[in-house]
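Residues in the sequence shown are numbered consecutively from 139, following the numbering used here. Glycine residues also receive a C-beta, built at the ideal position from the N, C-alpha and C atoms. Notes follow the structure.
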Amino acid sequence: MLESLPLADIRAFVMTADHGSFTRAAEQLGVSRSQVSKQVTALEQALGVSLMQRSTRSLRLTESGHLLHAQCRSALGDITQIVTLVREERNAMRGRLRINSVGGPIGERLLAPAVHAFMQTWPQVQVELDFSSHRVNLIRDDFDIALRMGALEDADFIARPLMTLPYVVVASPDYLARHGAPDTPGELVDHRCLVGSVSRWSFTARGAESRELQVDVGAQLECRNGHVLVSGAIAGNGIIRVPRLYCESAIARGELQELLSDWQPADVPLSLIYHRERHRPLRTVRLIEHLLEWFAR
139 MLESLPLADI RAFVMTADHG SFTRAAEQLG VSRSQVSKQV TALEQALGVS
189 LMQRSTRSLR LTESGHLLHA QCRSALGDIT QIVTLVREER NAMRGRLRIN
239 SVGGPIGERL LAPAVHAFMQ TWPQVQVELD FSSHRVNLIR DDFDIALRMG
289 ALEDADFIAR PLMTLPYVVV ASPDYLARHG APDTPGELVD HRCLVGSVSR
339 WSFTARGAES RELQVDVGAQ LECRNGHVLV SGAIAGNGII RVPRLYCESA
389 IARGELQELL SDWQPADVPL SLIYHRERHR PLRTVRLIEH LLEWFAR
């Protein structure tokens, strides 16, 4: 029975009891007198008791009415206070934000500075920055936003592009001296490869003939950590395909060399994703705006 009692009917009853009049209660609620009277009658029918004794000029609470009024008036006050707090919290720039992202240079060099700048602007917002390697579920794992690489197939969230990450295929001079360099992507199947989360590598031919090619490489080492892949390649353990950001300093120092000059490894998009909820806390809205502006620079 309690589940079927409309809160609006209880509020109409409390307001009528407070003012001793259907008319004055209706004025406060912004509805018609007849609407308030119907709501109180519906509440009485639902409870199976008489709450008010009515006459043409006045009304008086019954014993049951007095009991319900005393308890519901206090409860409605608590509800109003709670609703006010929730609205203030939603519109306040404070509270916790949970962000998930791929780690390594993307998390450390691209995302972290953006988060630091956001926290300087909004010092009352607490940020939990998670660099878990597995692909999290925003709702199940309770994250507000996430940064993801690659194609996004899940339609349960909103995705906004941040940037495109150029990729390179590299190996150390030591590895190349011992095993030679592949001339085409197809020759990668005969080489030692160090693989992250993707073992099917995509390429586009440079030049006038823009051919596309995909190669399933073997994994001499499989690890989702970019630092490990780069250090493994520098150690001469195999060929890697990683974002240029991961190894540009090693290339500059001559520790790694770019391969397959006639082929361009497929770039990978980096996207910001977040829930489809209509009423986001202001702190989440501001963080989304901040990250989109930061990566657009």
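With C-beta atoms as the reference, is F433 less than 8 Å away from M287? Here residue 433 refers to the residue found at position 295 of the sequence shown. Here residue 287 refers to the residue found at position 149 of the sequence shown. No; because the gap between Cβ atoms is not below 8 Å, this pair is not in contact.
Let's test the definition: count the other Cβ atoms within 10 Å of the Cβ of S399 and tell me whether it reaches 16, buried, or not, exposed. Walking along the sequence shown from the start, residue 399 turns up at place 261. Residue burial is scored here from C-beta neighbours: S399 has fewer than 16 other C-beta atoms within 10 angstroms and is therefore classed as exposed.
Distance check for Q183 and M139, CA to CA, integer angstroms please. Walking along the sequence shown from the start, residue 139 turns up at place 1. Walking along the sequence shown from the start, residue 183 turns up at place 45. With a pLDDT of only 49 at M139, under 50, the local geometry of the prediction cannot be trusted, and the value read off the model is given with reservation. Approximately 11 Å between the Cα atoms of the pair.
Should S239 be labelled buried (16 or more other beta-carbon atoms within 10 Å of its own) or exposed? Position 101 of the sequence shown, counting from 1, holds the residue named residue 239. When all chains shown are included, S239 counts as buried.
Helix, strand or coil at H428 [DSSP, three-state]: As a working mapping, residue 428 is identified with position 290 in the sequence shown. The answer is helix: DSSP assigns H428 an H, G or I state.
Inside the region 306 to 341 only - alpha helix (DSSP H) runs reaching at least 4 residues: Complete alpha helix (DSSP H) runs here, min 4: 311 to 317.
Provide the residue(s) that pair with S409 in DSSP beta bridges, ordered along the chain. Reading the sequence shown from its first residue, position 271 is the one you call residue 409. DSSP lists R286 and P299 as partners of S409.
Extent of the continuous alpha helix (DSSP H) to which R382 belongs: One-based indexing of the sequence shown puts residue 382 at position 244. Note, R382: alpha helix (DSSP H), R382 to A390.
How is M139 classed by DSSP in three states: helix, strand or coil? On the sequence shown, position 1 is the one that residue 139 refers to. Here the model assigns M139 a pLDDT of 49, short of 50, so the residue's position is not dependable and the matter cannot be decided.
Under 8 Å, with one C-beta from each stretch per pair, do the region 319 to 339 and the region 209 to 218 reach the 3-pair mark? Contact annotation: the region 319 to 339 does not touch the region 209 to 218, with fewer than three C-beta pairs closer than 8 Å.
Close Cβ partners of R171 (< 6 Å) along its chain, the five nearest in sequence each way excluded: Mapped onto the sequence shown, residue 171 falls at position 33. Correct list, in chain order: F160, T161 and A164.
Which residues does DSSP list as the beta-bridge partners of L235? Reading the sequence shown from its first residue, position 97 is the one you call residue 235. Bridge partners of L235: V265.
Mark P243 as exposed unless 16 or more other C-beta atoms lie within 10 angstroms of its C-beta, in which case mark it buried. Here residue 243 refers to the residue found at position 105 when the sequence shown is read from its first residue. That one is buried.
Measuring alpha carbon to alpha carbon, tell me which of L429, L143, G245 and R198 ends up nearest H365. By 1-based counting over the sequence shown, the position of residue 365 is 227. The shortest C-alpha separation from H365 is found at G245.
Return the chain-ordered list of same chain residues with a C-beta closer than 7 Å to the C-beta of S191, the five sequence neighbours on each side being excluded. Numbered from 1 along the sequence shown, position 53 holds the residue referred to as residue 191. Checking the sequence shown, residue 191 turns out to be Gln, not Ser. Within the same chain, Q191 has close Cβ partners L197, R198 and T200.
Compare the C-alpha of G376 against each of N363, Q358 and A390 and name the closest. In the sequence shown, residue 376 corresponds to position 238, counting from 1. Looking at the Cα atoms, Q358 is the closest of the given residues.
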